[in-house]
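What follows is a short report on a single structure.
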Amino acid sequence: MRAAYLVVALAACNPELSQISVAPPGRAARLDEVHHSWHADTYRIEVSRGVALAIDCTAGGPCEHLHVVSDDPAIAEVRPASLGVLQSAGYTRQQPAAAVVVIGKAPGKTRLHLAAAEGHRDIDVTVVATP
Amino acid sequence: MRGLSFLALVAGCAGPGALHQATLVGQCAESDAACSKRHPLAPIAIGAHFQPEVSAEIDGTASPSLQLESVDPSVIAVDHGELVAKRAGASEILISTDDGSVVDFELAWAAPVTELTLAHRDGDRVAGTIAMTVGEDVTLVPGLWNGAQRLGGAAEVTWTQSADAPIAVLRDGSLDRRRIRARAAGKSTVTVAFGDASAAIDVEVVP
Chain A
94 MRAAYLVVAL AACNPELSQI SVAPPGRAAR LDEVHHSWHA DTYRIEVSRG VALAIDCTAG
154 GPCEHLHVVS DDPAIAEVRP ASLGVLQSAG YTRQQPAAAV VVIGKAPGKT RLHLAAAEGH
214 RDIDVTVVAT P
Chain B
2 MRGLSFLALV AGCAGPGALH QATLVGQCAE SDAACSKRHP LAPIAIGAHF QPEVSAEIDG
62 TASPSLQLES VDPSVIAVDH GELVAKRAGA SEILISTDDG SVVDFELAWA APVTELTLAH
122 RDGDRVAGTI AMTVGEDVTL VPGLWNGAQR LGGAAEVTWT QSADAPIAVL RDGSLDRRRI
182 RARAAGKSTV TVAFGDASAA IDVEVVP
C-alpha cells in the first residue's frame, strides 16, 4: 500500500503535456496521454512526415529547465520553442511558457525523453507517411 | 481546459503561424494586384519560387533575427530565403531564431500547375485579343493554377511569339512578368508555357 502511495505521489510530480498547435488538413498531429497501472503515465504522439507539433509542459506552472531528447532524430526531431506568453504558476504568479516542437522527419517509431526540474516523461512518437 | 486557456493567450497575437507569433507573406509591391507571390496561403506551384517576407510579433521585443528551415526539403526547399516547391505535398516551414529556438511554424503546400492564365498588372484577366497602338506597352503577368485554386510563387515560364511578329516581348526584371511592346502594325500570337500547361493570346497592333 505504501508503494502504491509512492507511485501516485511520484506520478503527481511529473510534468503534464498539452498540445498547443493543430493538425493541418489531411495530416496527423496529435498528443495523447497513456495511463499505466504500475508506473507513471506516459504520452504518445502521432505526427505526419513533414509536420510539426508544438506541446507545452506544465507542473503547477510552466516547467523549468525543459529539455527533450529524441532516441532517433532522423524519425522525430525536437526543437525548443520560444513562446512570448506567460502562464499561471499558482494563484498569483505568472511565468514564461515552456514548450517544444516535435517534427516528423521520416516514417517510423521512436521515443522522446522529456526532463524538467519537476520530473520527466517518456513520449512514444509515431511518424506516419503522408498520402 | 488548460490548453484552451493557453491557446486563448497566444490567439491574441496576429499571424498565420501555428503559434501566432510570426507571419510569412509574399514580397509584392502594393500596386501590383496580379503579383504571383501574393498568395502565401495558397500552395506553391511546383517549380516556382516563393519569396517570403518573415516577421515576428512578440511582446516586449523587436523581431529577432529569424531563419527559415523546411522540415521536408524534398517537397519544399529553402534556397537563399526563397521557398522552392519541388514536388506535390506539404512541409512545415520552421521560423527559428539563430540559436534554433522555434518562434513559429507554418505548413506550406506544393501543387502541380494544371492551367496557365495571363492577366494585366491590375489583376484583370486577359480573355480575348489585346489591341495596341504602335509604340504602346502592355505588361502581362502569368497566373499559375491548380484547378480553381490560384497557386503562389513565381515561375520562369516560356514566352514565345509567332514569326515576324510586330511586337517585342521584353523582360522587365521579374522572373515571370513580360512587357509587350507594339513595334509595327500587324497581328501576332503570344504563347506562355510552363510544364504541360500553356496559354495563348492574340495581339493586334494598329497604326
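These protein sequence lines are chains A and B, in that order. Residue 94 is where the first sequence starts when you use this note's numbering, and the numbers rise one by one after that. Residue 2 is where the second sequence starts when you use this note's numbering, and the numbers rise one by one after that. From the three backbone atoms N, C-alpha and C, an ideal C-beta is built for every residue, glycine too. This structure is a prediction, so every number in the text was calculated from the model and none was measured.
- Judged by beta-carbon spacing, residue 84 of chain B lies within the 9 Å limit of residue 77 of chain B, meaning their Cβ atoms are closer than that value.
- Checking the DSSP bridge columns, you'll see residue 70 of chain B partnered with B/95.
- For residue 155 of chain B, same chain residues with a beta-carbon under 8 Å away, outside a window of 5 residues either side, are 37, 38, 49, 50, 51, 52, 175, 176, 177 in chain order.
- Just measuring C-alpha positions, the residue of B/92, B/127, B/143, B/140 sitting nearest residue 222 of chain A is B/92.
- A residue is called buried once 16 or more other Cβ atoms fall within 10 Å of its Cβ, and residue 207 of chain B, having fewer, is exposed.
- If you draw a straight line from the Cα of residue 156 of chain A to the Cα of residue 114 of chain A, it is about 18 Å long.
- A direct Cα-Cα distance of roughly 42 Å separates residue 82 of chain B from residue 188 of chain B.
- Judged by DSSP secondary structure, residue 189 of chain A falls within the beta strand (DSSP E) whose first and last residues are 186–189.
- Only buried fits residue 110 of chain B, as 16 or more other CB atoms lie within 10 angstroms of its CB.
- According to the DSSP assignment, residue 143 of chain B belongs to the beta strand (DSSP E) that extends over 138–147.
- If you draw a straight line from the Cα of residue 57 of chain B to the Cα of residue 63 of chain B, it is about 8 Å long.
- Contacts with chain A at 9 Å (Cβ-Cβ) include residue 59 of chain B.
- Not one beta carbon of chain A lies nearer than 9 Å to the beta carbon of residue 150 of chain B.
- Contact check for residue 147 of chain A against residue 72 of chain B fails: the beta carbons are separated by 9 Å or more.
- Contact annotation: the stretch 120–132 of chain A does not touch the stretch 163–175 of chain A, with fewer than three C-beta pairs closer than 8 Å.
- In the DSSP secondary-structure assignment, residue 199 of chain B is bridged to B/194.
- In this structure, the beta-carbon distance from residue 128 of chain B to residue 113 of chain B does not fall below 9 Å.
- Nearest in C-alpha terms to residue 188 of chain A, of all of A/177, A/196, A/195, A/198, is A/177.
- Residue pairing of residue 110 of chain B in beta bridges, as defined by DSSP: B/91.
- Here DSSP, grouped into helix, strand and coil, assigns residue 53 of chain B to strand.
- No residue range can be given for residue 47 of chain B, since it is assigned to no beta strand (DSSP E) and is classified by DSSP as neither H nor E.
- In terms of beta-carbon proximity, residue 19 of chain B lines the interface with chain A, with at least one pair separated by less than 9 Å.
- Neighbours of residue 198 of chain A in chain B, taken as residues whose beta carbon is under 9 Å from its own, are 72, 73 in chain order.
- For residue 68 of chain B, no Cβ of chain A is located within less than 9 Å of the residue's own Cβ.
- Those residues of the stretch 93–117 of chain B placed with their C-beta closer than 8 Å to a C-beta in chain A are 93, 95, 97, 98, 101, 102, 103, 104, 106, 108, ordered along the chain.
- Contacts between residue 117 of chain A and chain B, judged by CB atoms closer than 9 Å, involve 19, 91, 93, 108, 110 in chain order.
- Residues of the stretch 140–155 of chain A that bring their beta carbon within less than 8 Å of a beta carbon in chain B comprise 142, 143, 144, 145, 147, 149, 151, in sequence order.
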